[in-house]
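Here's the structure, in structure tokens; my notes come after.
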Amino acid sequence: MKKSTVILIVAIMEALAAACTKQAEQTTYDKQTTYIENFISAQLKSDEEATLTRKEGAYRINLHDNLSQERDSLRPGGKVALYYGCFILTGASLSTSNLVATNLKELATQAKWTLSEDEDRYKLDTLTLDDSLLPGLRIGLEGVQPQDEGYILFTGKYGYGNSQRGTIPAMSALAYYYWIENIKNE
């Protein structure tokens, strides 16, 4: 067999492997989207005041209808002071066994985390709405207002993608519970 034929066969095999990997990723993201949609459906049925916002792959469920109130909304570059809990979404509901990060002491206690003497971990956190945030979180937080409470959900495509981060496996769908204390737009 000629060297050029071998190179062509190897290139075709690599292209097929890449296509299979891409298809497997898309299948995973499609399954995660189904989990997200089922979670949203359950939340909207159980809370008549809940509202849904979907933008560029991120879903935000605001648990209280604050639309009638005239308040400033978070814009890109602005800062948000919030309490949160981050969960790996593995089905249509959230479980404290899938909690991976929080600054809410009560949520950490529910998840049976060992609480240390260092209480600075459980305090109001301030984030800047910029590219340093996960894309799904950045997109989901845009437009929140003070006193909003709810969930931001997104597939692994808008999270860490193929990278594992700490206890978060690669390609994980994430759900953030949030309670907004304050915002400040620059």
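Counting from 868, one number per residue, gives the positions in the sequence shown under the numbering used here.
Using N, Cα and C, we set each Cβ at its ideal position, and we do this for glycine too.
| Asked | Found |
| --- | --- |
| Can you check DSSP and say which residues form a bridge with residue 954? | 966 and 1042 |
| Can you look up residue 941 in the DSSP assignment and give me helix, strand or coil? | coil |
| Look at the alpha carbon of residue 1021 and the alpha carbon of residue 925, and state the distance between them as a whole number of angstroms. | 5 Å |
| Identify which residue in 1004, 1023 and 1034 has its Cα closest to the Cα of residue 894. | 1023 |
| Got a sec? Which residues, its chain only, sit under 6 Å from residue 975 by beta carbon, not counting five neighbours each side? | 969 |
| Give me whichever residues DSSP pairs with residue 992 in a beta bridge. | 949 |
| If we count the other Cβ atoms within 10 Å of its Cβ and call it buried at 16 or more, is residue 1009 buried or exposed? | buried |
| Of the residues 959, 1003 and 1037, which one's Cα is nearest the Cα of residue 1019? | 1003 |
| Out of 1049, 963 and 988, point me to the one whose CA is closest to residue 977's CA. | 963 |
| For the candidate residues 1049, 972, 1016 and 1040, whose alpha-carbon lies nearest to that of residue 959? | 1040 |
| Whose C-alpha, out of 943, 999, 1029 and 916, is nearest the C-alpha of residue 891? | 1029 |
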